[in-house]
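Here's the structure we're looking at; comments come further down.
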């Protein structure tokens with residue numbers, strides 16, 4: 001059973017704690033990005049960070065809105081992977097409660113989506129990428145080359161760049177518009193967070 005180096009208590013602050021949490025989240029985001037790229041290469045088009053219908057502050061990592069298929073990539077630490085287990089070194093009781101709460105929220109989200117007619121695919125971060133793509137294919141069916149998801153496909157292949165939303169980029173865009181050139185449009189943002197209030 002792996003041991004995770006996590007904050008000693010929920011109120012911990014400091015460079016070390018922030019660095020460890022950032023490492024865990026970055027690893028989860030990289031896995032999700034790899035899955036999105038693999039699905040795109042297989043011919044799929046989809047939405048990212050799509051709101052869960054009817055529940056505020058919850059999102060679907062990868063959503064096939066027309067097919068009603070929701071794909072979540074669950075980090076082994078944050079979502080209590082039964083295969084790897086979780087054993088934080090410090091304040092284990094608090095973290096056990098936190099992870100149990102995450103899992104309960106996952107089950108609630110699944111029930112809610114299924115009741116609305118969605119299929120739910122949950123992929124663990126340790127899963128083989130090809131196997132994960134195959135599970136999505138079974139749930140979503142074969143990719144369609146035309147008329148699948150309306151969102152732009154290009155943006156799902158890279159993480160959202162903060163520079164796109166910076167004042168300088170807005171200024172540049174405005175300048176281009178004044179000169180008669182049309183600014184490029186972007187229509188997708190990066191994903192990975194299941195519940196904005198939970199931090200995971």
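Numbering (our numbering), first residue to last: 1 to 200. Idealized CB from N, CA, C, for every residue including glycine. As the structure is a prediction and not an experimental result, all values here were calculated from the model.
Assuming contact is defined by CB atoms lying nearer than 8 Å, are residue i and residue j in contact in what I supplied?
i           : j           : result
residue 62  : residue 52  : no
residue 104 : residue 121 : no
residue 66  : residue 109 : no
Report yes if the C-beta of residue i is less than 7 Å from at least one heavy atom of the ligand PLP; otherwise report no.
i          : result
residue 55 : This structure lacks the ligand PLP; in fact it carries no ligand of any kind.
Between which residues of its own chain and residue i is the CB-CB distance below 7 Å, once the five residues before and five after are set aside?
i          : result
residue 68 : 117, 118 and 119
residue 76 : 84, 124, 125 and 126
residue 50 : 59, 60, 63 and 65
Sorted by chain position, which residues of the same chain lie with C-beta nearer than 8 Å to residue i's C-beta, five sequence neighbours on each side aside?
i           : result
residue 42  : 133, 137 and 143
residue 31  : 73, 75 and 125
residue 106 : 72, 74, 79, 122 and 194
residue 55  : 109 and 112
residue 171 : Because residue 171 carries a pLDDT of 46, less than 50, the predicted location of this residue cannot be relied on, and the following value inherits that uncertainty. So the list is empty, once near-sequence residues are dropped.
residue 135 : 121 and 123
Excluding the five sequence neighbours on either side, which residues of its own chain have a C-beta within less than 6 Å of the C-beta of residue i, listed in chain order?
i           : result
residue 113 : 70 and 120
residue 167 : Note that residue 167 has pLDDT 44, beneath the 50 cutoff, so the model's placement of it is unreliable and no number is given.
residue 100 : none
residue 44  : 143
What are the complete alpha helix (DSSP H) segments, minimum 4 residues, inside the segment 36 to 122? 92 to 115
Within 8 Å, do at least three Cβ pairs link the segment 32 to 50 to the segment 124 to 132? yes
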